[in-house]
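Novice: For reference, the structure I am asking about is given below.
Protein chains: 2
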Amino acid sequence: MLDILIKNASELVTCKSAGPKTGRDLDALDVVKGGDLAIKDGRIVAIGHLNEDAKKIIDATEKAVLPGFVDCHTHLVFSGSREDEFALKTQGANYLEILKQGGGILSTVNRTREATPPQLLAAALARIRMASDYGTTTLEIKSGYGLDFQNELKMLAAVRCLHTNRRMESVPTFLGAHAVPQEFKDNREAYVREVLRMVEEFRRQSLAEYCDVFVEEGAFSAKEAETVLKGAKACGCRIKLHAGEFSDIGGVELGADLGATSIDHLDYISEEGMRLMAEKKIIGVLLPGVPFHLMTGHYAPARRIIDAGIPIALATDFNPGSCPTLSMQMIIALACRYMRLTAAEALNAATINAAYALDRGDRIGSLDVGKQADIIILNIPNHRQLPYWFGMNLVERVIKNGRIVK
Amino acid sequence: MLDILIKNASELVTCKSAGPKTGRDLDALDVVKGGDLAIKDGRIVAIGHLNEDAKKIIDATEKAVLPGFVDCHTHLVFSGSREDEFALKTQGANYLEILKQGGGILSTVNRTREATPPQLLAAALARIRMASDYGTTTLEIKSGYGLDFQNELKMLAAVRCLHTNRRMESVPTFLGAHAVPQEFKDNREAYVREVLRMVEEFRRQSLAEYCDVFVEEGAFSAKEAETVLKGAKACGCRIKLHAGEFSDIGGVELGADLGATSIDHLDYISEEGMRLMAEKKIIGVLLPGVPFHLMTGHYAPARRIIDAGIPIALATDFNPGSCPTLSMQMIIALACRYMRLTAAEALNAATINAAYALDRGDRIGSLDVGKQADIIILNIPNHRQLPYWFGMNLVERVIKNGRIVK
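Residue numbers (the working numbering), protein chains in the order written: chain A, 26 to 431; chain B, 26 to 431.
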């Protein structure tokens, strides 16, 4: 007998694809109308018009059924919040100014260093619950608010504790190169060496799948990033980069050269950078919540990025400074309005392509027989309504790994 | 014994004021820290540090307690949705173009005319539930998708049915002058006469508190609005206007002259218009969800409007064409980012001033002893976090008229 049978969905939006979707293919969704979906032992076992028996039958009449969202770029583990900095921003202060004044990332570093492991974990669990409630079934989590061995370890250990959470699969990324901590501000080279020491140790303990570097003025140069990422690759880490969030200082070219899995932000990117990413089939992770929250109005040139042949993904970049939202629905709403994506493009970017941005495209990110049953049911009759109604949670049901979690 | 005692809120944000808040006063919030609030027989009976017994005690430790949101401008009763029109807009089509092609408002008119009263009511009730879930405890609802006697009556009758809903107080507004229907397109004068006939009849049946006119190119001229609104006043209606949504064609000056309760939109407004509104103490209802959804980037000049001394309110303008959100939290998030309001200004605008925009400032809109117990409890420790976390529902509890409805 089946475990779960979802009956009569007005749309089963499969998002299926043999690889990351690019170009016109990104705008194509494989939609089954009026279809059913069967789940057994945590997997999707059939899609179509089914008449089998099931322990649980979910009526999806007038509802759209989608793969769970894959949020492939978050900084979910941290302590504190930065609403006062946000208030300053609404009065005109900018992100790099706040960073230079010892605010920004470093203020969250201070709060996170002070937090005990149970405090960090409790805050993270509340956020996991919220993200799940909004339809995310897998999310990546970066360290980078510890910036020393002990505190980076504390963050990655918190992510490991989340592995047993039944609502969410968490993917750990080491981001020791998020900012140079105060104690190393006059000796950046020594901090880069410390980051190399950390990545080696965390890999040995299997605490990080990816190593990421924030390549930006005020953070790390492309040259420093190269040292870190080459060291990370040497000990078996896959790599990611933050590049082009506020300026273009060579992160994209470096990431292409080193074979990054994804390069994230791309609000600023050169034609040559686009050409290289397309050639190397590197996923471009776009994060429209950041220019929205920071009020820069400068969104990644998504249409040109798509036209260049780069497979794009969407993510929240959830963090207390530049994007305090966990809702992938909000990110999709922003991407359609301010990056001019179609609903189909945004959905593929938030599911199957995001799964490939975490090297999991063969297991999650689409409704496909044999894949893990990570599924959301939305209270709308078609996927085009997903970006249309905004600021509200349209997700009615969440199934993670074949279990109903909402 | 008390009915409900809310204990130990980290902030009781009272928003109390003897009249609509203007200028610097708009940025002042009366906040009680670590306080309690007592409810009996649907009313707030005490605020402070209380030790009375209650049938129900709610622990609000680390939570902010606010007056329920008053959404003073919605078009909540309609049939259908317009996601395909939205998709066109993301590809560059504009609102007035779509209107001229018989799309826009008139497409919703067709769907609403076809709908049966139970269908209309069922859709409205689902929306009321959503709005309530996001913290709205009172909302205004405009007719205007019927555009003939029978169908405007059907809409206003649906609003009357909502009066018994325990989650929400609904305030009915007649907006026969929303668009000229197809059957009158070559005889606008006759339609204006028809609107006058309708307002008289609906007033006689006490189906409308307010009469509103959409003053805009492609909708109604200031001259036509004058005819309608004078007729409405003559039969005892209070009046509102949509003015300056896409252009400034004299609606503000007319509204000031006729003593409107509120003039709504104001994305385009002259210096003289501002002076007149301030002088007459007319509430300016700002609707930032519209330029957000329509991607015009042209928000009302809120800072200048506040500096001019106009009391502002915030509302969703919930409707299927120009603002498909019911979340006042989203509207506040937009107002702080794109109109540069402070959190305090946005909160006063969404509560006490919005209550005055519905002539209910003496009964709702603030936490004040003697007032109706319309209260929301948010899962944040201070009100400054309300615009900061965005795209997520922070409302944990809703109390309407002294009853827990969430």
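Cβ coordinates follow ideal geometry from the N, Cα and C atoms, glycine included.
Skipping 5 residues on each side, what residues in its chain have a beta carbon closer than 7 Å to that of R228(B)?
Specialist: Answer for R228(B): C260, G261 and C262, listed in chain order.
Novice: Against T350(A), what residues of chain B qualify as contacts under a CB-to-CB distance less than 8 Å, listed in chain order?
Specialist: By Cβ distance, chain B contributes W414, F415, G416 and M417.
Novice: Would DSSP call I274(B) helix, strand or coil?
Specialist: Of the three classes helix, strand and coil, the one that applies to I274(B) here is coil, per DSSP.
Novice: When the cut-off is 8 Å and only beta carbons count, does C97(B) lie next to chain A?
Specialist: Not one chain A Cβ lies under 8 Å of C97(B).
Novice: Among R422(B), L312(B) and R362(B), which residue has its Cα nearest to the Cα of C97(B)?
Specialist: The shortest C-alpha separation from C97(B) is found at L312(B).
Novice: From what residue to what residue does the alpha helix (DSSP H) around G298(A) run?
Specialist: Where G298(A) is concerned, the enclosing alpha helix (DSSP H) stretches over E296 to E304.
Novice: Taking CB distances under 8 Å as the criterion, tell me whether S106(B) reaches chain A.
Specialist: Yes, contact with chain A.
Novice: State the beta-bridge partners of L91(A) as determined by DSSP.
Specialist: BP columns for L91(A) point to I401(A).
Novice: Apply the 10 Å Cβ neighbour rule to H354(B) and answer buried if 16 or more other Cβ atoms are within range, or exposed otherwise.
Specialist: Note on identity: in this sequence residue 354(B) is Gln, with His being the wrong assignment. Buried: at least 16 other Cβ atoms inside 10 Å.
Novice: What's the call for K248(A), buried or exposed, on a 16-neighbour Cβ count within 10 Å?
Specialist: Burial call: exposed.
Novice: In the DSSP assignment, find the beta strand (DSSP E) that holds P142(A) and state where it starts and stops.
Specialist: Premise fails: P142(A) lies in the alpha helix (DSSP H), P142 to D158, not in any beta strand (DSSP E).
Novice: When DSSP labels each residue in this structure, what does N344(B) get in the three-state scheme?
Specialist: Reduced to three states, the DSSP call for N344(B) is strand.
Novice: Just to confirm, is the Cβ distance from C435(A) to H318(A) under 8 Å?
Specialist: This structure does not reach residue 435(A), given that chain A is present from 26 up to 431, and the question cannot be answered.
Novice: Please report whether the beta-carbon of H323(B) lies at a distance below 8 Å from any beta-carbon of chain A.
Specialist: No, because no Cβ of chain A sits closer than 8 Å to the Cβ of H323(B).
Novice: L438(A) lies in the alpha helix (DSSP H); which residues open and close that run?
Specialist: One cannot answer for residue 438(A) here, as it falls past the ends of chain A, which runs 26 to 431.
Novice: Are the C-beta atoms of M193(B) and some chain A residue less than 8 Å apart?
Specialist: By this cut-off, M193(B) is not an interface position.
Novice: In whole angstroms, what separates the C-alpha of K32(A) from that of T86(A)?
Specialist: Taking the straight line from one Cα to the other gives about 7 Å.
Novice: Between the segment 315-333 of chain B and the segment 282-301 of chain B, are three or more C-beta pairs nearer than 8 Å?
Specialist: They touch, by the three-pair rule.
Novice: Under 8 Å: do the segment 98-105 of chain A and the segment 156-170 of chain A share three or more Cβ pairs, one atom per stretch?
Specialist: Yes: at least three Cβ pairs fall under 8 Å.
Novice: Can you list, in chain order, the residues of its chain whose CB lies under 7 Å from that of L254(B), leaving out five sequence neighbours each side?
Specialist: Excluding residues within five positions, the ones whose Cβ falls inside 7 Å are C236, V238, I264 and L283.
Novice: What are the partner residues of S195(B), as DSSP defines its beta bridges?
Specialist: Its beta-bridge partners are L164(B).
Novice: Using beta carbons (cut-off 8 Å, strictly below), is R362(B) in contact with chain A?
Specialist: So, interface residue.
Novice: Per DSSP, which residues does V310(B) bridge with? Please list them.
Specialist: DSSP, once it has assigned bridges, lists D289(B) and A338(B) as partnering V310(B).
Novice: Identify which residue in R409(B), A112(B) and A63(B) has its Cα closest to the Cα of M320(B).
Specialist: Ranking the options by Cα distance to M320(B), first place goes to A112(B).
Novice: For R365(A), decide whether its Cβ has a neighbour in chain B, counting only Cβ atoms nearer than 8 Å.
Specialist: Yes - at least one Cβ of chain B is within 8 Å of the one on R365(A).
Novice: Which chain A residues sit within Cβ distance under 7 Å of F94(B)?
Specialist: The premise fails here: F94(B) is roughly 13 Å from chain A at the closest Cβ pair, so nothing lies under 7 Å.
Novice: Please state the DSSP three-state secondary structure of D173(B).
Specialist: Correct three-state label for D173(B): coil.
Novice: Taking Cβ-Cβ distances shorter than 7 Å, what residues in chain C pair up with Q410(B)?
Specialist: Given the protein chain composition of this structure (A and B), no chain C is represented.
Novice: Taking only beta-carbon positions, decide if A368(B) is within less than 8 Å of chain A.
Specialist: Closer than 8 Å to some Cβ of chain A, the Cβ of A368(B) qualifies, so yes.
Novice: Cα-Cα, which of L181(A), A204(A) and V217(A) is closest to H267(A)?
Specialist: It is A204(A) whose Cα lies nearest to the Cα of H267(A).
Novice: Give me the chain A residues within the contact set of T115(B), using Cβ-Cβ distance strictly less than 9 Å, ordered along the chain.
Specialist: Here the neighbours are C361, R362, R365, L366, T367, A368 and P412.
Novice: From H290(B), I29(B) and S42(B), pick the residue whose C-alpha is nearest to that of Y381(B); which is it?
Specialist: Taking only the C-alpha atoms, the option nearest Y381(B) is S42(B).
Novice: With three or more beta-carbon pairs closer than 8 Å as the criterion, would you say the segment 124-143 of chain B touches the segment 362-379 of chain B?
Specialist: Contact between the segment 124-143 of chain B and the segment 362-379 of chain B is absent, because fewer than three Cβ pairs lie under 8 Å.
Novice: At a CB-CB cut-off below 8 Å, which residues of chain A make contact with H318(B)?
Specialist: Near H318(B) (Cβ distances below 8 Å), the residues of chain A are R362 and F415.
Novice: Tell me, please, which residues DSSP counts as bridged to K425(B).
Specialist: K425(B) is bridged to R428(B).
Novice: Contact defined as beta carbons within less than 8 Å: I believe L221(B) pairs with K179(B). What is the distance between those atoms, to the nearest angstrom?
Specialist: In fact, because the Cβ distance is near 19 Å, the residues do not count as touching under 8 Å.
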